[in-house]
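K.L.:
Have a look at this one before I ask anything.
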Amino acid sequence: MQPGQSTQEIAATKIEDFVRQIGTIASDDPGFHRQADLFDAGYVDSLALVALTAFIEETFHLSLTEQDLFHPEFTTIDGMARLITTRIHRSCTPPHTALP
Amino acid sequence: MNELLGDYSPVHYAGATYYQLPQLPPSKLRISLTRGVQTGDREVGVFKGHGLDVAQPYGWASTLLLELPDPIPKHTIIKELAQGALPEEISRRPKVRAQIGDHDARQGILPQLVRAGLDHRQLEAAFCRAFHIHNPVDLHRVVRAGIHQPPPPGR
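Okay, structure coming up:
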């Protein structure tokens, strides 16, 4: 972990590394970036998504719901990182300061 | 029950491998497989289509079954759940996947499809037609990781 890195940046880096690994994506693939729709572009299929889901749950100690898998944010690496960050912050927020 | 215990393995038939599974430890694979069952009615829907109400009794113990440690002694679990109501030869019988049908692979859906020359692309196209999904690319908006939701309207 680099000093000053945000939770979201760390999450995005970990997800990107994992997707590159399971998708055997070339390091110079011009279509692969953190805003790319992983499903539309074919970088993640159903089998890979099962592995990715398990990776996220284990790495970030959270549970993804069925709704999460179809959430519009859950199509890109950055979106997944935002969802994870929100979930982590929500779980760390004391009940009396929780947002409505 | 198969999903809850992760009792699945890829099927090798006619020189190809079908029903591949993600490379996951059994404990995580069981959770993913069960998610797929929970969102669909593939276990009971075919019976409902013929006017028969069917219950999946193992579903009532799903939380407990998913908490079982690996490896899962399936025969022992089934025997315990049945509490003597099942003959030993039933709980110990070798598994034959419905997709293959029998040991000679004559009756299952997979041999039928292979013999008919229907591959996954044609099945996807049939699925899209049945559910009015006009662009096959939109399939992943309907099915993800074995979980499915209704097609988005107007696509």
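For the record, the sequence lines run as chains A and B.
Under my numbering, the first residue of the first sequence carries the number 289, and numbering increases by one thereafter.
Under my numbering, the first residue of the second sequence carries the number 39, and numbering increases by one thereafter.
Every residue, glycine too, gets a C-beta built ideally from N, C-alpha and C.
Owing to the predicted nature of the structure, the values given are computational and were not obtained by experimental measurement.
#1: Which residues share a DSSP beta bridge with ILE185 (chain B)?
#2: Which residues mark the beginning and the end of the beta strand (DSSP E) in which HIS50 (chain B) is found?
#3: Let me see if you follow: with CB-CB separation under 8 Å, is VAL307 (chain A) close to chain B or not?
#4: By the 7 Å beta-carbon criterion, what residues does the region 350-373 of chain A contribute toward chain B?
#5: Can you pull the chain B residues whose beta carbon is under 8 Å from the beta carbon of MET341 (chain A), in chain order?
#6: Leaving aside the five residues before and after SER129 (chain B) along the sequence, list all residues of the same chain whose C-beta is less than 8 Å from its C-beta, in chain order.
#7: Should the region 321-339 of chain A be regarded as contacting the region 48-67 of chain B, the criterion being three or more beta carbon pairs within less than 8 Å?
#8: Within the same chain, show all residues whose beta-carbon is closer than 6 Å to that of ILE365 (chain A), passing over the 5 residues directly before and after it, in chain order.
#9: Can you have a look at SER379 (chain A) and say buried or exposed, based on whether 16 or more other CB atoms are within 10 angstroms of its CB?
#10: Would you decide whether SER47 (chain B) is buried or exposed? Buried here means 16 or more other CB atoms lie within 10 Å of its CB.
#11: Which residues, in chain order, does the region 318-333 of chain A contribute to contact with chain B at a C-beta distance below 7 Å?
#12: Okay, do the region 365-376 of chain A and the region 102-109 of chain B touch, 3+ Cβ pairs below 8 Å being the bar?
#13: Are the region 42-56 of chain B and the region 146-157 of chain B in contact at 8 Å, needing three or more beta carbon pairs?
#14: Given this structure, state the Cα-to-Cα distance separating GLU346 (chain A) from LEU177 (chain B), to the nearest angstrom.
#15: For ALA183 (chain B), count the other beta carbons within 10 Å of its own beta carbon; 16 or more makes it buried, fewer makes it exposed. Which is it?
#16: Skipping 5 residues on each side, what residues in its chain have a beta carbon closer than 7 Å to that of LEU352 (chain A)?
#17: Going along chain A in order, which residues have a C-beta closer than 9 Å to the C-beta of ILE62 (chain B)?
#18: Could you tell me the alpha carbon to alpha carbon distance between GLU361 (chain A) and GLN296 (chain A), rounded to whole angstroms?
#19: From PRO174 (chain B) to ALA329 (chain A), what does the alpha carbon distance come to, in whole angstroms?
#20: Compare the C-beta of LYS86 (chain B) with all C-beta atoms of chain A and state if any pair is closer than 8 Å.
#21: Which whole runs of the alpha helix (DSSP H) in the region 40-121 of chain B are 4 residues long or more, in chain order?
#22: Using a beta-carbon distance below 8 Å, is ARG73 (chain B) in contact with chain A?
P.N.:
Here's the rundown:
#1: The count along the second sequence starts at 1 and reaches residue 185 (chain B) at position 147. For ILE185 (chain B), which the question treats as bridged, DSSP gives the partners B:ARG182.
#2: As a working mapping, residue 50 (chain B) is identified with position 12 in the second sequence. Note, HIS50 (chain B): beta strand (DSSP E), 49-51.
#3: Along the first sequence, one-based indexing puts residue 307 (chain A) at 19. Output row for VAL307 (chain A): interface = no.
#4: GLU354, LEU357 and PHE358
#5: In the first sequence, counting from the first residue as 1, residue 341 (chain A) sits at position 53. For clarity, residue 341 (chain A) is Thr in the given sequence; the question names Met instead. What THR341 (chain A) touches in chain B: SER70 and ALA183.
#6: Your numbering for residue 129 (chain B) matches position 91 in the second sequence. Same-chain partners within the cutoff: HIS113, ILE116, LYS117 and ALA120.
#7: yes
#8: By one-based count along the first sequence, residue 365 (chain A) stands at place 77. Cβ within range, chain order: ALA300, ILE303, GLU304 and ARG322.
#9: Within the first sequence, residue 379 (chain A) is the residue found at index 91, counting from 1. Burial call: exposed.
#10: For the purposes of this step, residue 47 (chain B) is taken as residue 9 along the second sequence, with counting starting at 1. By the neighbour-count rule (16 or more Cβ atoms within 10 Å), SER47 (chain B) is not buried but exposed.
#11: PHE327 and ASP328
#12: no
#13: yes
#14: Against the first sequence, residue 346 (chain A) aligns to sequence position 58. Against the second sequence, residue 177 (chain B) aligns to sequence position 139. Each residue's alpha carbon lies about 27 Å from the other.
#15: Position 145 of the second sequence, counting from 1, holds the residue named residue 183 (chain B). Buried, by the Cβ-count rule.
#16: For this step, residue 352 (chain A) is matched to residue 64 along the first sequence. So the list reads THR341, ILE344 and GLU345, once near-sequence residues are dropped.
#17: The residue labelled residue 62 (chain B) in the question sits at position 24 within the second sequence. For the record, residue 62 (chain B) in the displayed sequence is Leu; it is not Ile. Within 9 Å Cβ-Cβ: VAL338, ALA339 and ALA342.
#18: Taking the first sequence and counting its residues from 1, the one referred to as residue 361 (chain A) is at position 73. Taking the first sequence and counting its residues from 1, the one referred to as residue 296 (chain A) is at position 8. Using only the alpha carbons, I get a separation of about 13 Å.
#19: Taking the second sequence and counting its residues from 1, the one referred to as residue 174 (chain B) is at position 136. Taking the first sequence and counting its residues from 1, the one referred to as residue 329 (chain A) is at position 41. The straight-line gap from Cα to Cα measures roughly 13 Å.
#20: Numbered from its first residue, the second sequence carries residue 86 (chain B) at position 48. LYS86 (chain B) does not count as touching chain A.
#21: 40-43, 64-77, 83-86, 100-104 and 112-120
#22: Here residue 73 (chain B) is taken as the residue at index 35 of the second sequence, counted from 1. It does: the Cβ of ARG73 (chain B) has a partner Cβ on chain A nearer than 8 Å.
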